[in-house]
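Residues 388 to 589 in my numbering are what the sequence shown lists, from first letter to last.
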Amino acid sequence: MSETIRADWAEKLLAAAERDFATRKRLADSGALWDGYHPEMEAVHAANADLLLAAFNAIGWPGRARVGEDAARAAFFILQHAIAKPAVQRKGLALMLDEIANGQANATDAAYLADRIAMYEGRGQMFGTQFDWDENGLLSPAPIADAQNVETRRANIGLPPLAAAIAETRARAAQENEKPPADLAERRAAFEQWARRVGWRS
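Laid out in structure tokens, this is it:
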């Protein structure tokens, strides 16, 4: 792969991630980000997912050896946010798992993505990295499979204890003024409808 091709994909991935950051900040600052999945944010995520899929098809997993450290981080950031494109997230996870052994992807990132896919598919996550609002108005880990062994699994890939992750997630939400939904049942019903619409669930 030529240096020109590498640089071109790196530039595209970095620009796409910046669009995501900028859109999220603007919507968060206005308070609009927290009222469901904002259509503008979803549109940015979908366009970026299409770009990432094109990168997969052209160069494979865009790891640091192919696009450089910063663009590789941007690629994973885009992939994590490609929630309206199940096929892209699943393909990305498969590519990442193949690249871990040669250092072009890491197990921690793969764990976050695998947990996200499991949550959207309606399965228990394995590492407790994905959060949602609970009945007490607190951000808590989404359901965890084999919960009694989650701390061991987290430690094996370098994640901190779950209690520390919970505290950090709640502190970040408070800093961003993120509030629990006014009607949790309504929010969950809307999520189920969205998950079926985009293809996570039948």
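Glycine is no exception: its CB is placed at the ideal position from the N, C-alpha and C atoms.
Is the closest heavy atom of the ligand GDP to the C-beta of residue i under 7 angstroms?
i, result
"T391", "Looking at this structure, you won't find the ligand GDP or any other ligand, since it has none at all."
The alpha helix (DSSP H) that contains residue i, what's its start and end?
i, result
"W581", "571 to 585"
"H432", "426 to 446"
"D457", "456 to 467"
"E473", "Residue 473 is actually Pro in this sequence, not Glu. Note, P473: alpha helix (DSSP H), 473 to 486."
"I553", "549 to 562"
"E538", "537 to 543"
DSSP beta-bridge partners for residue i?
i, result
"L526", "W520"
"Q512", "I531"
Which whole-angstrom value describes the C-beta separation of residue i and residue j, a residue pair presumed to lie in contact below a C-beta threshold of 8 angstroms?
i, j, result
"L400", "A471", "Actually they do not touch by this definition, with Cβ atoms about 18 angstroms apart."
"A458", "A397", "4 angstroms"
"D422", "F464", "Not a contact, Cβ separation roughly 23 angstroms."
"H468", "N435", "7 angstroms"
"W587", "E508", "6 angstroms"
"F443", "L482", "6 angstroms"
Counting only the same chain and skipping the five closest in sequence on each side, list residues whose C-beta sits under 7 angstroms from that of residue i.
i, result
"D502", "Q512, M513, F514, T516, Q517"
"P568", "W520, R574"
"A529", "M506, Q512, Q517, F518, D519"
"A582", "Y507, R588"
"T556", "F518, L526"
Out of the options, state which residue places its alpha-carbon closest to the alpha-carbon of residue i.
i, options, result
"N523", "L571, A577, D437, A582", "L571"
"I487", "W448, M506, G509, A474", "W448"
"Q535", "G545, L549, I544, A403", "L549"
"E563", "A402, D395, G545, D416", "D416"
"A452", "A577, R393, F578, A561", "R393"
"A498", "E427, N489, R510, L484", "L484"
"D533", "S527, A551, R510", "R510"
"D395", "E565, Y424, A441", "A441"
"L466", "G418, A445, L500, A576", "L500"
"V585", "A560, A430, L414, N444", "A430"
"E405", "H425, Y424, H432, A419", "H432"
"M428", "K412, F443, L439, L438", "K412"
"A577", "G418, T391, A403, H425", "H425"
"A402", "L439, Q580, S527", "L439"
"G450", "R559, N543, G490", "G490"
"G455", "L546, Q580, T391, I544", "T391"
"A418", "I544, A561, G545", "Here the sequence assigns Gly to residue 418, which means Ala is not the residue at that position. Comparing Cα-Cα distances from G418 to each of I544, A561, G545, the minimum goes to A561."
Leaving aside the five residues before and after residue i along the sequence, list all residues of the same chain whose C-beta is less than 6 angstroms from its C-beta, in chain order.
i, result
"R541", "F514"
"D496", "F463"
"A554", "none"
"R544", "Going by the sequence as given, residue 544 is Ile instead of Arg. Within the same chain, I544 has close Cβ partners A494, T495, A498."
Does any residue of chain D bring its CB to less than 8 angstroms from the CB of residue i?
i, result
"I446", "Absent from the structure is chain D; it holds one protein chain and no more."
Between residue i and the rest of its own chain, which residues show a CB-CB distance below 8 angstroms, the 5 nearest in sequence each way excluded?
i, result
"I504", "P473, Q476, R477, L480"
"K566", "W421"
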